[in-house]
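Using my numbering, read the sequence shown as starting at 525 and increasing by one per residue.
Using N, Cα and C, we set each Cβ at its ideal position, and we do this for glycine too.
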Amino acid sequence: MKSRNASKFAWFGRWLVGATIASIAASPAGATFDAAVSPPRFELEGKAGEIIRQVLTITNGGEQAARYDIKTADWYLDANSRVAYHEGAPAAGSCRPWVKIERHQINLAPRASRGYRFEVHVPPDAKSGECRFALLIAGAAATVVQPGAQQIRIPVVGRLGVIVYVTVGAARPDLRLASLAIKKVDGKPMVAAEFVNLGDAHGRVFGNLEAKDAAGRTFELIVQQSAILPKGRRTLRLHPVDYSTGEPRDAPFDPVAPLHVRGKFQFRGGGEVKVDQVIR
525 MKSRNASKFA WFGRWLVGAT IASIAASPAG ATFDAAVSPP RFELEGKAGE IIRQVLTITN
585 GGEQAARYDI KTADWYLDAN SRVAYHEGAP AAGSCRPWVK IERHQINLAP RASRGYRFEV
645 HVPPDAKSGE CRFALLIAGA AATVVQPGAQ QIRIPVVGRL GVIVYVTVGA ARPDLRLASL
705 AIKKVDGKPM VAAEFVNLGD AHGRVFGNLE AKDAAGRTFE LIVQQSAILP KGRRTLRLHP
765 VDYSTGEPRD APFDPVAPLH VRGKFQFRGG GEVKVDQVIR
């Protein structure tokens, strides 16, 4: 018999995978970019003067041989908390000059995988802090013919981004819960927690809260998995999960305020905050 926690994390894993797949933009009809990378991100630690060596696995899931172009980029979170890339010369303060990649182009046979090596050379005089960059894996440009009288040809390039964090020296996150409230997201009420990071490395929040709404329904709220950057502030959604059938599923109702929530959030790098309050 599966435990409730095992069911919860199996369901949560499927929810995260679905969110990742949905974030990949659709290409015009007929275009394919069937590639995968593992792991989807790296969270590394190093010290001044150290060389950090890692391997990324790239898989061609298609039925034809594929060529991939690989390069580094800076990245940041835009106003909507989405990852955006800066691909030109390294930005001011960028650690991309520390990074050495195996090669800029690889070829993969159909259904094949290979390890791709990269290194981070932390300078001897590097101060405590966090180095962040991305590895961009792009498929060779293809041409898609759109049906219609004009037979328009559209160049299509698929791309994946792998985020890399390197915590240098004594850098650590310092997360604080700033607020817990019900907000409207896409026109629907959603429980959201705002966190601030006073530290000098990124942080993550884990955990779930038990909740009871004004209609007397009980459910759990699972926190969204997203990084909170140093000196940054971020609002994370709490996803309602219903256990009334004995198995976790998306709550088939919109919670009615006010909600009484109890539980705790745990932080990557240590620390936690307990919650027991009514939110409106």
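- Under the three-pair Cβ rule at 8 Å, the stretch 641-653 does not count as touching the stretch 597-608.
- Non-local C-beta neighbours of R565 in its own chain, meaning closer than 8 Å and more than five positions away in sequence, comprise V686, I687, V688 and Y689, ordered along the chain.
- Under the Cβ criterion (8 Å, minimum of three pairs), the stretch 720-734 does not count as touching the stretch 770-779.
- Here I746 has F536, N732, L762, H763 and V765 as same chain residues with Cβ atoms under 7 Å from its own Cβ, once five neighbours each way along the sequence are excluded.
- Annotation for T596: R620, V623, I625, F657, A658, L659 and L660 place their beta carbon closer than 8 Å to its own, counting only its chain and skipping 5 residues before and after.
- DSSP, reduced to helix, strand and coil, places R627 outside both helices and strands of the structure shown, so it counts as coil.
- Cβ-Cβ distances below 7 Å link G787 to G731, N732, L733, E734 and V799 in the same chain, with the five nearest sequence neighbours on each side left out; the list follows chain order.
- Taking the Cα of D778 as reference, the smallest distance to any Cα among F719, T759 and I706 is reached at I706.
- C-alpha of H628 to C-alpha of Y640: approximately 10 Å in a straight line.
- For R786, the enclosing beta strand (DSSP E) stretches over residues L783 to F791.
- Remark: three or more beta-carbon pairs, one from each stretch, lie closer than 8 Å, so the stretch 692-699 and the stretch 566-581 are flagged as touching.
- Under the rule that a run must span 3 or more residues, the beta strand (DSSP E) segments found entirely inside the stretch 712-766 read 712-721, 729-736, 742-747 and 757-766.
- Taking the C-beta atoms as reference points, A725 is found no nearer than 8 Å to E611.
- If you check the CB distance, V720 and R741 do not come in under 8 Å.
- N584 is classed as buried because its beta carbon has at least 16 other beta carbons within 10 Å across all chains shown.
- Relative to the Cα of A559, the nearest Cα in the group A608, S637 and F791 belongs to S637.
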